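Trainee: Below you'll find the structure I mean.
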Amino acid sequence: REDNRPLMVNCQLAIDGTVDENGCIQFIPGSHKWGLQEHERAQTSFGVFLPGHYREREDAVPVAMEPGDGVFFSALTIHGSGPNTSHRDRRMNTFAYNVTGNSEGQCREVLRGRAL
Numbered sequence: 111r112e113d114n115r116p117l118m119v120n121c122q123l124a125i126d127g128t129v130d131e132n133g134c135i136q137f138i139p140g141s142h143k144w145g146l147q148e149h150e151r152a153q154t155s156f157g158v159f160l161p162g163h164y165r166e167r168e169d170a171v172p173v174a175m176e177p178g179d180g181v182f183f184s185a186l187t188i189h190g191s192g193p194n195t196s197h198r199d200r201r202m203n204t205f206a207y208n209v210t211g212n213s214e215g216q217c218r219e220v221l222r223g224r225a226l
């Protein structure tokens, strides 16, 4: 593409409140500027996984949300959530807004199942 407009934008809308203990979403600031990163498809759940060095980064920013809160982000932003270690639910609605003609391989689905 000749411009820098994103091909896909995600929105996560909290049904339940999220905090660190129940695995709130985390983002690596500025990672949308790095372009599409190497990753692998999950074998047992929806999503993709990045190599471990992304999950071990200390600059990941957790985003706690109250029910009804939402967050919009580029599909290129490295994001994910840790395991739910609490007895609280962690339900989210995820919406992906795609431009016409965006094909698989240009942007990927939400990361799920592993901490960053």
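Sequential numbering of the sequence shown, starting at 111, is according to the numbering used here. Note that beta-carbon positions come from the ideal geometry of N, C-alpha and C, so glycine has one too. It should be emphasised that the depicted structure is a prediction, and the values quoted were computed from it without experimental measurement.
1. Whose C-alpha, out of Thr204, Met175, Asn132, is nearest the C-alpha of Asn194?
2. Should Leu146 be labelled buried (16 or more other beta-carbon atoms within 10 Å of its own) or exposed?
3. Need the endpoints of the beta strand (DSSP E) that Gln136 sits in, please.
4. How many whole angstroms separate the CB atoms of Phe182 and Val129, which I take to be in contact at a CB cut-off of 8 Å?
5. With respect to the beta strand (DSSP E) encompassing Gly190, which residues constitute its N-terminal and C-terminal limits?
6. Would Ser191 pass as a contact of Gln136 if the rule is Cβ separation under 8 Å?
Mentor: Short version:
1. Here residue 194 refers to the residue found at position 84 of the sequence shown. If we check each option's Cα against that of Asn194, Asn132 comes out closest.
2. Counting from 1 along the sequence shown, the entry for residue 146 is found at position 36. Label assigned to Leu146: exposed.
3. What you label residue 136 is simply residue 26 of the sequence shown in a count that begins at 1. Where Gln136 is concerned, the enclosing beta strand (DSSP E) stretches over 135-137.
4. For the purposes of this step, residue 182 is taken as the residue at position 72 of the sequence shown. For the purposes of this step, residue 129 is taken as the residue at position 19 of the sequence shown. The pair is not a contact, with the Cβ atoms about 20 Å apart (cut-off 8 Å).
5. The sequence position of residue 190 within the sequence shown is 80, counting from 1. Counting along the chain, the beta strand (DSSP E) containing Gly190 begins and ends at 189-191.
6. The sequence position of residue 191 within the sequence shown is 81, counting from 1. The sequence position of residue 136 within the sequence shown is 26, counting from 1. Cβ atoms of Ser191 and Gln136: closer than 8 Å.
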